[in-house]
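J.:
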Amino acid sequence: MKFYDVFNGDADGLCAMHQLRLIEPRDAILVTGVKRDIALLSRVDARKGDEITVFDISLDANREALARVLDAGARVRWFDHHHAGDIPRRPGFRAHIDTAPEICTSLIVDRFLNGRHRAWAVVAAFGDNLRESAWREAEPLELDDTQMHTLRTLGECLNYNAYGESLADLHYDPAELYETLRRYDNPLDFVVAEPVFEVLRNALSDDLVRAAELRPLRASDAAVAFRLPDTAWARRISGFFSNQLANTFPMRAHAVLTERAGGYLVSVRAPVSVAVGADALCRQFESGGGRAAAAGIQLLPEADLGRFLDAFERAFPARRGPAA
Ligand SMILES: [Mn+2]
């Protein structure tokens, strides 16, 4: 019998698994990858009696693999907040899924554990850019502003580390990162004792300096689009850059288009103030999908760039007309 822990390589996936494993330690085979690598369960070759725990990846995106491992006789527990579709009712399968917009997987695990390792859930909520949830959940911990700032920065750094086309783009393989942080009950001890935090914080700030030099591809008072080059630094910073734009300009929608072979990887954020419309826009394109507040297109062909920018501006129209 084997144990598998299957987790999204971002802050939320890492912290969700870490919270559970602090309470239920087990030496499991780790299955993870870059943040956008979500078809993770297909990598598990399960046998009868195996136990698989999944954190922070969509059930719907792994539906066939789930059926296959259950057919093989494995038992599966699933913690997640992404779109799930129909949740199967089968022996050996337990789902802890909540797709409410203010919830992340680490908060689901936190509820499951009655808040036993809340500080890690707060880190993850900041990582998933759920600032209000992070502050609310942190209340009983009575942390001071400096400690809260550290948890927030750690969440942002762990989340930043997961962005890339492949593991080669990342500073740390998420599985290695977990081996380091699993020794710490408290994230505030982790940041002091391990160089990881400083390394990631410096790398994030270097990448951000480069992104700050970019000029928008298209801009109105309601919608701004940026193009990022096909380089490792751009792939790493795209998520943090998008979150930063969204937080700084809550009335605007943002699109970040990262060049890749054949076209662009597109990430769209609806305005934080009215967080709807991103999914409807992206679904107009073949490989598009996501949530109302945040959606994306896996590959926007170069030839569709103009069509996308026009659709983006129509989806989030300018409040005042062009200057006369
Ligand atoms: Mn998440």
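Residue numbers (our numbering): 59 to 382.
A virtual CB, placed ideally from N, CA and C, is assigned to each residue, including glycine.
Note that the structure is predicted; figures quoted are calculated from it, not measured.
1. Can you tell me where the alpha helix (DSSP H) with glutamate 122 in it begins and where it stops?
2. Should aspartate 70 be counted as a contact of ligand 1 given a C-beta to heavy atom distance under 7 Å?
3. Indicate the three-state DSSP secondary structure (helix, strand or coil) for phenylalanine 151 in the structure shown.
4. Can you give me the start and stop residues for the beta strand (DSSP E) that proline 359 sits inside?
5. Can you tell me which of the three DSSP states leucine 188 falls into?
6. If you measure from the CB of aspartate 114, is any heavy atom of ligand 1 nearer than 7 Å?
7. On the DSSP letters alone, give me the boundaries of the beta strand (DSSP E) that alanine 281 sits inside.
8. Run the proximity test for aspartate 186: is its beta-carbon closer than 7 Å to any non-hydrogen atom belonging to ligand 2?
9. With DSSP run on the structure shown, which of helix, strand or coil describes leucine 272?
10. Closest to glycine 348 by C-alpha separation, out of Met309, His139, Ala196 and Gly150, would be which residue?
11. Using C-beta distances below 7 Å, list every residue in its chain close to phenylalanine 170, excluding the 5 sequence neighbours before and after it, in chain order.
12. Around the Cβ of phenylalanine 370, are there at least 16 other Cβ atoms within 10 angstroms (buried) or fewer (exposed)?
13. Contact between the region 85 to 101 and the region 117 to 130 is defined here as three or more beta-carbon pairs at a separation below 8 Å; is this criterion met?
14. Using DSSP with H/G/I as helix, E/B as strand and the rest coil, what is leucine 98?
15. Would you say leucine 98 reaches chain B, if we count a Cβ-Cβ gap shorter than 8 Å as a contact?
16. So the beta strand (DSSP E) glycine 347 belongs to, where does it begin and stop?
17. What would DSSP say about isoleucine 87, mapped onto helix, strand or coil?
T.: Per the coordinate set shown:
1. For the purposes of this step, residue 122 is identified with residue 64 of the sequence shown, where counting begins at 1. First-last of the alpha helix (DSSP H) with glutamate 122: 121 to 129.
2. Indexing the sequence shown from 1 puts residue 70 at position 12. At least one heavy atom of ligand 1 is nearer than 7 Å to the Cβ of aspartate 70, so yes.
3. Working through the sequence shown from its first residue, we reach residue 151 at position 93. Reduced to three states, the DSSP call for phenylalanine 151 is strand.
4. Within the sequence shown, residue 359 is the residue found at index 301, counting from 1. Taken as a continuous stretch (DSSP letters only), the beta strand (DSSP E) holding proline 359 covers 352 to 359.
5. Within the sequence shown, numbered from 1, the residue matching residue 188 stands at position 130. Three-state result, leucine 188: coil.
6. Position 56 of the sequence shown holds residue 114. Yes - ligand 1 has a heavy atom lying nearer than 7 Å to the Cβ of aspartate 114.
7. Indexing the sequence shown from 1 puts residue 281 at position 223. Bounds of the beta strand (DSSP E) holding alanine 281 are 281 to 286.
8. In terms of ligand content, the structure shown lacks ligand 2 and carries ligand 1 instead.
9. Here residue 272 refers to the residue found at position 214 of the sequence shown. DSSP places leucine 272 in coil when its eight states are reduced to three.
10. To locate residue 348, count along the sequence shown from 1; it is residue 290. Closest option to glycine 348, Cα to Cα, is His139.
11. Position 112 of the sequence shown holds residue 170. Result list for phenylalanine 170: His154, in chain order.
12. Mapped onto the sequence shown, residue 370 falls at position 312. Under this definition phenylalanine 370 is a buried residue.
13. yes
14. To locate residue 98, count along the sequence shown from 1; it is residue 40. Reduced to three states, the DSSP call for leucine 98 is coil.
15. Going by chain labels, chain B is absent from the structure shown, which holds only one protein chain.
16. Counted from its first residue, the sequence shown places residue 347 at position 289. Where glycine 347 is concerned, the enclosing beta strand (DSSP E) stretches over 346 to 348.
17. Position 29 of the sequence shown holds residue 87. Strand.
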